[in-house]
Amino acid sequence: MDFSNLVARKQERFSELEEAVGSSELFSDPKRAQEVLREHSQLRALIDRWNAFEKTRRELAENEEMAAGSDAEMAELAQAEIPALQKLIPKLERELQIALLPPEPDEDKDAIVEIRAGTGGTEAALFAADLFRMYCRFAETSGLKVETLESSSADLGGFKEIIFRLSGDHVFRKMRYESGPHRVQRVPATEAQGRIHTSVATVAVLPEAEEIDLVIPPGDLRIEVCRAGGPGGQGVNTTDSAVQVMHIPTGRIVRCQDGRSQQKNKEAALKIMRSRLLEDKRREEEEKYSAHRKSLLGGGGREEKIRTYNFPQNRVTDHRIGLTLYNLDLFIEGDIAEMIDALYSSDVETRLEEATAA
């Protein structure tokens, strides 16, 4: 496939961005500066891949020419290098194809992750806690930072709901495929007859909205301070640290009380509110986002699932790509990189097919 014309246009755009990056006026508009720097970084990576691809093709052509020459010693050396170069070119070509794909929205952003217990009562709440721990362990091994924003504990353990922030490198790109209903099949500790129960927890992964992404007029917000409730000791129960934020035009409400600091609870509530409102805005603008939010959370019923965690068989299956792994004991402890990589690769394949057809 000949990419030269397309890459030439990208190189022209990169030259324009080089001028913009060097301009003293770039940061007068923070949102535009962020967009310019992100596109500049992406195009630099694309051009580096193109240069590596072209260099390898030239080396292959030169070696093939020398291998057909009259100098026997040089021909032998050249012939020895040809197989490795022939093997490398398809790999570089695929990397180039992927780099030429339009970037997915918000793939470089941090993420707000919401886990809610669905069907299954206590067992669903315990499973929600298991998923939270799984993502925390994954974050530790991936160099990501976890910040709990809000949680609601279940009476007998686990979480009715927990919301947390993941920050680091390309977080949303890594985590976006986790959105949807997760089904667990196992024997609960309280099950006397050893019967397998099926429960569900839902996961929603939203790109974190920054203030420059979405400006909320102060008059659209009603912020109230109240006394925190629930377990947590004397400090939580006697301090007016809980914060409730209401977005008046939509009626959306976010309440945060996990932090002892009123200011931290306010910041956490606003982060969640901005991300939810930005998701709503994009849902209105793009038809695919319209179905996306619904698909993220689902109804939490047993019949709905993107993934099944079967403990008796030590099996985890992702139903979207038909991948089954028999290492659930490690998976639930945060070893989920293989699944995430497989989902990303499947998504890239689909996008490449669509781009080729177009």
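Reading the sequence shown from the start, the letters are residues 112 to 469 in our numbering.
Backbone N, C-alpha and C fix where the C-beta goes; we use that ideal spot for every residue, glycine too.
**Q.** Residues near residue 281 in its chain [Cβ-Cβ closer than 8 angstroms; skip 5 each side]
**A.** 218, 219
Q: With a 10 Å radius around its C-beta and 16 neighbouring C-beta atoms as the bar for buried, classify residue 116 as buried or exposed.
A: exposed
Q) For residue 430, does the count of other Cβ atoms within 10 angstroms reach 16, so buried, or fall short, so exposed? A) exposed
Q | Given residue 250 as reference, the closest of 221, 272, 122, 332 once Cα atoms are compared | A | 221
Q) Where does residue 249 fall in DSSP's three states? A) helix
Q. Rounded C-beta distance between residue 383 and residue 354? I'm assuming under 8 angstroms.
A. At roughly 11 angstroms, the Cβ-Cβ gap does not stay under 8 angstroms, so residue 383 and residue 354 are not in contact.
(Q) With three or more beta-carbon pairs closer than 8 angstroms as the criterion, would you say the segment 262-270 touches the segment 232-242? (A) yes
Q) What does a CB cutoff of less than 7 angstroms around residue 146 pick up in its chain, not counting 5 residues either side in sequence? A) none
Q: Quickly, what does DSSP pair residue 144 with across the bridge? List them, please.
A: None, per the DSSP bridge assignment.
Q | Three-state secondary structure (DSSP) of residue 382 | A | helix
Q) Which one of 122, 178, 334, 435 has the shortest CA to CA distance from residue 379? A) 334
Q) Hey, quick one: how far does the beta strand (DSSP E) through residue 270 stretch, first residue to last? A) 270-278
**Q.** Which of helix, strand or coil DSSP assigns to residue 220
**A.** coil
**Q.** Reference residue 160; option with closest CA among 259, 133, 188, 199
**A.** 199
Q. Which runs of the alpha helix (DSSP H), 4 residues or longer, sit entirely within the segment 432-464?
A. 439-442
Q: Thinking residue 125 and residue 297 are a contact (beta carbons under 8 angstroms), I'd like their distance in whole angstroms, please.
A: Rounded, the Cβ-Cβ distance is 52 angstroms, inconsistent with contact.
Q | Beta-ladder partner(s) of residue 256, from DSSP | A | 278
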